[in-house]
Structures are given as C-alpha cells and as structure tokens.
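Chain order of the listed sequences is W and P. Taken in order, the first sequence gives residues 1 to 110; the numbers are from our numbering. Taken in order, the second sequence gives residues 1001 to 1112; the numbers are from our numbering. All C-beta atoms in this analysis are idealised placements derived from N, C-alpha and C, irrespective of residue type, glycine included. Report on one structure; see the data block that follows.
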Amino acid sequence: DAKTTQPPSMDCAEGRAANLPCNHSTISGNEYVYWYRQIHSQGPQYIIHGLKNNETNEMASLIITEDRKSSTLILPHATLRDTAVYYCIVRVAGDYKLSFGAGTTVTVRA
Amino acid sequence: KAGVTQTPRYLIKTRGQQVTLSCSPISGHRSVSWYQQTPGQGLQFLFEYFSETQRNKGNFPGRFSGRQFSNSRSEMNVSTLELGDSALYLCASSQQNTGELFFGEGSRLTVL
Chain W
1 DAKTTQPPSM DCAEGRAANL PCNHSTISGN EYVYWYRQIH SQGPQYIIHG LKNNETNEMA
61 SLIITEDRKS STLILPHATL RDTAVYYCIV RVAGDYKLSF GAGTTVTVRA
Chain P
1001 KAGVTQTPRY LIKTRGQQVT LSCSPISGHR SVSWYQQTPG QGLQFLFEYF SETQRNKGNF
1061 PGRFSGRQFS NSRSEMNVST LELGDSALYL CASSQQNTGE LFFGEGSRLT VL
C-alpha cells in the first residue's frame, strides 16, 4: 500500500518552478523517498531519491523536511515536456518493489 | 546504451487464451521487475527476478507467472485470460536492487 499522500493535480506555468509536495508522515528511518514521473503512454522515469539530506541532479531537486514527514520535488524551470504524472514513493532499502500511489498530474501551461 | 525493450508493444487476445510477454533489460542489469497498470488500480507490482530467481511476488493470482533466463531476459505469462487482465504491462530493470528502475514502454494487452 502506498504510504504517501500527494495532491491529485496541479498546474504550472512554463518557465516557472514547479513545487510538488508529498506527505509521508509514517516514514520509517530506513525508508527512502523516491520520485518517478510518467509521461502519457510511456513507462515511468526515475527522477531522484533521498534519505534525509536534500538532493539535486540535472532533472530536479528534492527537499526533505528535517522530521522527514514530507518532501517537495522541485522542477526548477518547467517546460511543456514536464507535463506528466509524478509519483512520490517511500521504499525500504533492499525492498524488491515500488508501491506507486495515484500520483500528481502536473500540467505545464504555456 | 539501449534501453529496456518490451515485445510485443500491442496485442489483442480473447478470454481464455494465454499470452507471453517478453522483456530485454539494459545490458548489465540483472534485476527485472514486472508491473501491471490499469486505470482503476494504477501501477501494481507483479514480480521481481534476479539471476533467474524470483525474489518477490505481488498479490496476483497464479495465472500470472514469469521467468528469467541466464542472459537476464525475462518473460511473463498470463493464462486463461480474463477481461480484467486488459492493461499495460511494464517491465523494469536495474543493476542491483537500488530502487532506481529503468522502465520499458510496456506491452498493451487488450482482452476481448
């Protein structure tokens, strides 16, 4: 069962930062936060993951609160190609599966 | 580096038939996972294989089975197809069990 809560949808203006929230209030100390996205009719794409420190890569930044009960995925300059369903997932290190929830449908508008 | 390849991309079957889907992982990746995606249930884990061994299985009936070959390629089989098996079946590979999965584009199965 998914252990995360995300808003069902959100809009973002092209060129602006998109901040995607995720609540994971029951996260355990050995669980990581993963973000994936799925563009229509494609397989999910890994974005980023973290344990307790903030993380940044070429795609996005992940900000995890100090108590680790929530996190925010930041797309710094959203483009139309970032329109997708974004999934926030908590995963125990070594677990063999990802439990996807409903995700957030992000629509980037010109 | 080639990505995860799934075949066939689209197929139509009738109730009662069986189907076999194939997945070729990224070269060097030894873990292969399968997921089912439907509008009603979303993405659900089917099973995961590593070095030809099934390490974990999701909550699906025994009609769903899979295997992995020595070259890490994997197949999944669904027997006695039901209408509810219509879905996008996604395969993902990873080097170890890191949680960073690389997904293929899926095989879209329609059961009539």
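Below 8 Å on the Cβ atoms is my guess for residue i versus residue j; work out the distance and round it to an integer in Å.
i, j, result
"threonine 104 (chain W)", "glutamine 38 (chain W)", "Contact flag wrong, Cβ pair sits at about 11 Å."
"leucine 1090 (chain P)", "phenylalanine 1102 (chain P)", "At roughly 11 Å, the Cβ-Cβ gap does not stay under 8 Å, so leucine 1090 (chain P) and phenylalanine 1102 (chain P) are not in contact."
"valine 1032 (chain P)", "glutamine 1068 (chain P)", "6 Å"
"threonine 4 (chain W)", "cysteine 88 (chain W)", "5 Å"
"glutamine 1036 (chain P)", "glutamine 1044 (chain P)", "5 Å"
"arginine 16 (chain W)", "alanine 78 (chain W)", "6 Å"
"alanine 13 (chain W)", "arginine 91 (chain W)", "The pair is not a contact, with the Cβ atoms about 32 Å apart (cut-off 8 Å)."
Measuring alpha carbon to alpha carbon, tell me which residue in the options is nearest residue i.
i, options, result
"glycine 1063 (chain P)", "P:Gly1042, P:Glu1052, P:Ala1092 and P:Leu1046", "Strictly speaking, residue 1063 (chain P) in this sequence is arginine, with glycine absent from that position. Nearest of P:Gly1042, P:Glu1052, P:Ala1092 and P:Leu1046 to arginine 1063 (chain P), Cα basis: P:Leu1046."
"threonine 1005 (chain P)", "P:Gly1106, P:Lys1057 and P:Ser1065", "P:Gly1106"
"serine 1024 (chain P)", "P:Ser1079, P:Gly1003 and P:Glu1082", "P:Gly1003"
"leucine 20 (chain W)", "W:Glu58, W:Lys52, W:Gly50 and W:Pro8", "W:Pro8"
"histidine 24 (chain W)", "W:Leu73, W:Lys52, W:Ser99 and W:Arg68", "W:Arg68"
"aspartate 11 (chain W)", "W:Asp95, W:Phe100, W:Asp82 and W:Ala102", "W:Asp82"
"alanine 93 (chain W)", "W:Leu51, W:Ser41, W:Ala18 and W:Gln42", "W:Leu51"
"glycine 111 (chain W)", "W:Leu80, W:Glu66 and W:Val106", "The structure shown has nothing for residue 111 (chain W), since chain W only spans 1 to 110."
Compute the distance between the beta-carbons of residue i and residue j, then report whether it is under 8 Å.
i, j, result
"isoleucine 47 (chain W)", "asparagine 54 (chain W)", "no"
"arginine 1030 (chain P)", "serine 1072 (chain P)", "yes"
"serine 61 (chain W)", "proline 76 (chain W)", "yes"
"asparagine 1077 (chain P)", "lysine 97 (chain W)", "no"
"leucine 1081 (chain P)", "glycine 1040 (chain P)", "no"
"isoleucine 1012 (chain P)", "leucine 1088 (chain P)", "no"
"serine 1022 (chain P)", "threonine 1007 (chain P)", "yes"
"glycine 1066 (chain P)", "glutamate 1052 (chain P)", "no"
"glycine 1058 (chain P)", "tyrosine 32 (chain W)", "no"
"cysteine 22 (chain W)", "serine 71 (chain W)", "yes"
"glycine 1084 (chain P)", "alanine 102 (chain W)", "no"
"leucine 80 (chain W)", "tryptophan 35 (chain W)", "no"
With respect to the beta strand (DSSP E) encompassing residue i, which residues constitute its N-terminal and C-terminal limits?
i, result
"leucine 1090 (chain P)", "1087-1094"
"leucine 51 (chain W)", "Per DSSP, leucine 51 (chain W) belongs to no beta strand (DSSP E) and is neither H nor E."
"methionine 59 (chain W)", "Looking at the DSSP string, methionine 59 (chain W) is not in any beta strand (DSSP E), and its letter there is neither H nor E."
"threonine 5 (chain W)", "Premise fails: threonine 5 (chain W) is in no beta strand (DSSP E) and is neither H nor E."
"glutamate 66 (chain W)", "Counting along the chain, glutamate 66 (chain W) falls outside any beta strand (DSSP E), and DSSP gives it neither H nor E."
"asparagine 23 (chain W)", "18-23"
"glutamine 1036 (chain P)", "1031-1038"
"threonine 1005 (chain P)", "1005-1007"
"glycine 1066 (chain P)", "1064-1068"
"phenylalanine 100 (chain W)", "Counting along the chain, phenylalanine 100 (chain W) falls outside any beta strand (DSSP E), and DSSP gives it neither H nor E."
"leucine 1043 (chain P)", "1042-1050"
"threonine 1053 (chain P)", "1053-1057"
"threonine 1110 (chain P)", "1107-1111"
| Contacting positions in the stretch 37-66 of chain W - beta carbon closer than 9 Å to chain P | Gln38, Ser41, Gln42, Gly43, Pro44, Gln45, Tyr46 and His49: these are the residues of the stretch 37-66 of chain W whose beta carbon lies less than 9 Å from some beta carbon of chain P, given in chain order.
| field | Where the stretch 1021-1043 of chain P meets chain W: residues whose CB sits under 9 Å from a CB there | value | Within the stretch 1021-1043 of chain P, the qualifying residues are Ser1031, Ser1033, Tyr1035, Gln1037, Gly1042 and Leu1043.
| query | According to a CB-to-CB cut-off of less than 7 Å, which residues of the stretch 85-97 of chain W neighbour chain P? | reply | If the cut-off is 7 Å between Cβ atoms, the stretch 85-97 of chain W has Arg91, Gly94, Tyr96 and Lys97 near chain P.
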